[in-house]
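Beneath this line is the structure, given in structure tokens, with notes to follow.
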Amino acid sequence: MSFDLTFVWAAILAFAVFAYVVMDGFDLGIGILFSTFKVGGERDAAMNAIAPVWDGNETWLVMGGGGLMAAFPLAYAIILPATYPLMIAMLLGLVFRGVAFEYRWRDPRHRAFWDAAFGLGSFVATLAQGITLGAILQGIKVKDGAYAGGWLDWLSPFTLLTGAALVVGYALLGATWLIWRTEGPGRDHARRLAWWFALGTLAMLGAVSLATPFLAFDYWRRWFAMPGLLFTGAVPVMTGIAALTLFRSLARGHDWLPFLMALAIFLLGFAGLGISLYPYIVPRALTFWQAAAPERSQAFMLVGAVVIIPAILAYTGWAYWVFRGKVASDGYH
Amino acid sequence: MFGALDAVVLARAQFAFTVSFHFIFPAFSIGLASYLFVLEALWLKTDDPLYRTLYLYWLKIFAVAFGMGVVSGLVMSYQFGTNWSVFSAKAGPVIGPLMAYEVLTAFFLEAGFLGVMLFGLKKVGKGLHFFATSMVALGTLISATWIIAVNSWMQTPVGYEINAAGQFVPGPSWWAIIFNPSFPYRLVHTVIAAYLTTALVVGAVGAWHLLKDKADPAARRMFSMAMWMATLVTPVQILAGDAHGLNTLEHQPVKVLAMEGDYDPSPHGAPLVLFGLPSNAEGRVRYKVEVPKVGSLILKHDPSAPLPGLKDFPRDRWPPVRIVFWSFRIMVGLGFAMLGLGLWALLARVCRKLYDWTWLHRLAVLLGPAGFVAVIAGWVTTEVGRQPFTIYGLLRTAESHSPLGAPAVAASLLAFVGVYVFAFGAGTYYLLRMMAKRPEAAESEPKTPQRAAGITPAAAIYGDGDPA
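For the record, the sequence lines run as chains W and Y.
Numbered as in numbering that gives the first Met the number 0, the first sequence ends at 332 without a single skipped number.
Numbered as in numbering that gives the first Met the number 0, the second sequence ends at 467 without a single skipped number.
Given below as structure tokens:
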């Protein structure tokens, strides 16, 4: 093999996770904000803004789980038991949210109940994802290649902070998506929300960024040692530029720029995460290479992945194109 | 009260619960996809609008069942890691890629063709639409093939190597891993089971509407088609089951002996135990009703052929005999009930009374859920019969589970039961409501797409205000 299969799979997995965060992030965010919208037209429009795409977005989560097991079985076998209650809460939140989405239209008499279930399911799933991220960053107790901690090791002030940060961040994505895709009073409401959640996201991002280097590991060395600092220093600078652009575009009532800038902030946060973690998949316990499945497994799967992932991307892009433009409260339904 | 063993038992209960719930939906949608393929093919060939009516009627039901199958499948793709992490770490290099292919093919098929199949009848030509239906039907079969390959490898593992870390890693040939010894038998038996399950549901819905109105043309057509399946395919399934049993006897004799309730070896031909209460503690089947020699006749096709007994094998390789013994009898009993239905329907057809004999229709309604029960019972037989191993003979279940305490697993099991019963119970109720509505000549297409890609197309069917 002339190229490093494990690196390729690490890249594919990172892409799948980011694709998931980008795509499911905004529709989970709309779920989180859902109860603040007025019953009736505003809520229906918010729902319609994600109706055609939300569950296609979730397919990336299945891809992430399946890909992790197949390409990095040891990491899969350590991270999932370590975050057991979070994983279960996330899955149940997503199931609940998914069916609530369907049944709200089906059963108008119980719509208030299903709306509440939709919001709660979105919130629980997001919080669980954020805490999981923090749990990975703060480190997982590993002994002899297996998880060696208790079932609540993931719980700490830091992980609660990352959990809250993701909730606020997804809410920002959701609000800016609604600015783009809806109109009228609902859109005005989304703009007011976007201001607050943009401030919140930046504050949270700052807090997580300040706390991370002082966790048990030598994260600070990667961020603050020369000459790496010339590169790592660019991340907060670019985040600042994206944030300024976001606020300006909100002030000017721009349609799509706020969402793109919110995405840019997420992408930079993701890059920061990569700087902290690489080359570890479980910090200081397991590198990508140590967790990797043998070459025969990775090569066999790569054949399918290079054919099918582009096809899925093309189809997803087409679906977004078909359903472009502003939606109304009675849009697709 | 919570020991290490309890955590394993709870994890097994959780897996059994979630996978059984999950399995119900694909068992139905695999068969239904092929039925839709047949209906559309007949419609294109004969131009008979009745086939179009039936196609659209079942298409809407298909979309809901498919959606619930994928949502419950999402849980499965994480549960290997959450609850069976040691198994995942050890077997991931072999079964992970097969499961990844299952995921990729399922999504590809759906991204590419399900949208067209559900919403494209007026947008693309008839030929292209039929192509989409064919691809969805083919895709469900490909998905089933991958997942059965994984399961069969766990039953009859071959083609692997063991590396320095104690992991199972693929040998030089993936072909050997996929086409492991039990794979062809299990695949055929499972896919036919899915077809029969669907036929029984279609037959029950047809019979239900015939009981209300014997002249309903759509009900007559679907009932007749379903009864052809019951008449012709049930005998094939019994033969396939027999072949699968012989294959299991060769590779997993202990499982077959547990199914038969044979504790003691039978050097001069084993009896067929019809009923009884197996007891591992006493090492015998209490109150048993048996027919001499027939056990060997079925398993060896020779009434005097010797068969070993469970006592020929170490005690720590016995599965929970009572469960396997009874689940097997439930499956076989329902299989023969289906055969009875098929033969009675044949008689009615010969007498030209297929649409008149109301007791036949009542039996068909009664057996509507029989396929699901038989599929779950068969699944229990083969999976519990694999115990006490996850990878048969190589990795014990007690050594496969995650390092989790019993309280954590107990809490998650309760949460799963609560959410599943509530969420999928509601979905099943909606499905039954759709089936209770009689097919109309002007059967509508599913509502305008709310989405073009995704894992739960159900909402598209339930447009706001849709009475379906």
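We put the CB at the ideal spot given by N, CA and C, even for glycine.
Per the contact definition of three or more C-beta pairs closer than 8 Å, is the stretch 381-394 of chain Y in contact with the stretch 116-135 of chain W? The answer is no - the stretch 381-394 of chain Y does not touch the stretch 116-135 of chain W, with fewer than three Cβ pairs under 8 Å.
Of the residues Y:Glu-39, Y:Arg-432, Y:Ser-76 and Y:Trp-83, the one placed nearest Y:Ala-10, counting alpha carbons only: Closest by alpha carbon: Y:Trp-83.
Does the stretch 268-288 of chain Y come close enough to the stretch 205-225 of chain Y that 3 or more CB-CB pairs lie under 8 Å? The answer is no - the stretch 268-288 of chain Y does not touch the stretch 205-225 of chain Y, with fewer than three Cβ pairs under 8 Å.
Does the distance from the CB of Y:Gly-282 to the CB of Y:Glu-259 come in under 8 Å? No; because the gap between Cβ atoms is not below 8 Å, this pair is not in contact.
Where W:Ile-49 falls: helix, strand or coil (DSSP): In this structure, DSSP gives W:Ile-49 a state outside helix and strand, which the three-state scheme calls coil.
Rounded to the nearest angstrom, what separates Y:Tyr-354 and Y:Arg-219 at their Cα positions? When rounded, the distance between both Cα atoms is 7 Å.
Where W:Met-203 meets chain Y, residues with beta-carbon distance less than 7 Å: Going along chain Y, no residue has its Cβ under 7 Å from W:Met-203, so there is no contact; the nearest lies around 26 Å.
Chain-ordered neighbours of Y:Ala-422 on chain W, where CB pairs are closer than 7 Å: Residues of chain W whose Cβ lies closer than 7 Å to the Cβ of Y:Ala-422 are, in chain order, Val-94, Phe-95 and Val-98.
Assuming W:Leu-126 contacts W:Gly-162 under a Cβ cut-off of 8 Å, what Cβ separation, rounded to an integer in Å, is found between them? Cβ atoms of W:Leu-126 and W:Gly-162 come within 8 Å of each other, at about 5 Å.
Minimum C-alpha distance to W:Ala-134 - residue among W:Leu-151, W:Asn-56 and W:Leu-266: Per the Cα distances, W:Leu-151.
Contact list for Y:Phe-79 against chain B, beta-carbon separation under 7 Å: Absent here is chain B; the protein component of the structure consists of chains W and Y.
Could you pull the DSSP bridge partners for W:Tyr-146 from this structure? Looking at the DSSP assignment, W:Tyr-146 forms a beta bridge with W:Val-141.
Verify the CB distance criterion: does W:Trp-288 have a CB-CB separation below 8 Å to chain Y? So no, W:Trp-288 is outside the interface.
Check each candidate in W:Phe-95, W:Leu-91 and W:Leu-90 and name the one with the smallest Cα separation from W:Phe-117. Among W:Phe-95, W:Leu-91 and W:Leu-90, the Cα nearest to that of W:Phe-117 is on W:Phe-95.
Chain W contact for Y:Ser-19 (CB, 8 Å cutoff): Taking 8 Å as the threshold, the shortest C-beta distance from Y:Ser-19 to chain W does not fall below it.
Is the shortest distance between the beta-carbon of Y:Leu-73 and the beta-carbons of chain W less than 8 Å? At least one chain W Cβ lies under 8 Å of Y:Leu-73.
Residue interval of the beta strand (DSSP E) (run including Y:Tyr-159): Counted as a single uninterrupted DSSP element, the beta strand (DSSP E) harbouring Y:Tyr-159 occupies residues 159-161.
CB contact flag (Y:Pro-307, Y:Gly-268, <8 Å): No, these two residues do not count as a Cβ contact at 8 Å.
Interface residues of chain Y facing W:Arg-108 [CB-CB closer than 8 Å]: Within chain Y, no residue has its beta carbon less than 8 Å from that of W:Arg-108; the closest one is some 13 Å off.
Using DSSP bridges, identify the partner residues of Y:Arg-395. Paired residue(s): Y:Phe-388.
Would you list the one or two residues that DSSP bridges to W:Tyr-279? Per DSSP, W:Thr-286.
Taking the alpha-carbon of Y:Phe-274 as reference, which of Y:Tyr-262, Y:Pro-266, Y:Lys-287 and Y:Ser-265 has the nearest alpha-carbon? Across the set Y:Tyr-262, Y:Pro-266, Y:Lys-287 and Y:Ser-265, the C-alpha of Y:Lys-287 shows the shortest separation from the C-alpha of Y:Phe-274.
Runs of 3 residues minimum, wholly inside the stretch 348-427 of chain Y: which ones carry the beta strand (DSSP E) assignment? Runs found: 388-390.
Quick one: using the 10 Å Cβ neighbour count with 16 as the cut-off for buried, is W:Leu-32 buried or exposed? A buried status is given to W:Leu-32, since no fewer than 16 other beta-carbon atoms sit within 10 Å of its beta-carbon.
Taking only beta-carbon atoms, is W:Trp-195 less than 8 Å away from chain Y? It does not: the Cβ of W:Trp-195 has no partner Cβ on chain Y nearer than 8 Å.
Assigned exposure category for Y:Leu-108 - 16 Cβ within 10 Å defines buried: A residue is called buried once 16 or more other Cβ atoms fall within 10 Å of its Cβ, and Y:Leu-108 is buried on that count.
To the nearest angstrom, how far is it from the Cα of W:Phe-71 to the Cα of W:Asp-26? Note on geometry: alpha-carbon atoms of W:Phe-71 and W:Asp-26 lie some 28 Å from one another.
Report the three-state DSSP secondary structure of Y:Glu-249 (helix, strand or coil). Note: Y:Glu-249 maps to helix in three-state DSSP.
Within chain W, partners of Y:Trp-42 - CB distance below 8 Å: Residues of chain W whose Cβ lies closer than 8 Å to the Cβ of Y:Trp-42 do not exist, since the nearest Cβ in that chain is about 27 Å away.
So is Y:Trp-356 in contact with chain W if we call contact Cβ pairs under 8 Å? No, Y:Trp-356 does not count as interfacial toward chain W.
Provide the residue span of the beta strand (DSSP E) that contains Y:Tyr-286, from first to last. It spans 283-290 - the beta strand (DSSP E) in which Y:Tyr-286 sits, taken as one unbroken run.
Assign W:Ala-291 to one of two classes, buried (16 or more other C-beta atoms within 10 Å of its C-beta) or exposed (fewer than that). Buried, since its Cβ has 16 or more Cβ neighbours within 10 Å.
Taking Cβ to Cβ, would you say W:Leu-136 is nearer than 8 Å to W:Leu-285? Contact: no.
Close-in-space but distant-in-sequence residues of the same chain around Y:Val-157 (CB under 8 Å, 5 per side omitted): Counting only Cβ-Cβ distances below 8 Å, and skipping sequence neighbours, we find Ala-175, Ile-176, Asn-179 and Pro-180.
Less than 8 Å separating the beta-carbons of Y:Ser-469 and Y:Gly-80? What is shown of chain Y runs 0 to 467, which leaves residue 469 of chain Y out entirely.
Partner residues on chain Y for W:Pro-72, Cβ-Cβ distance less than 7 Å: Ser-87, Ala-88, Gly-91, Pro-92 and Gly-95, listed in chain order.
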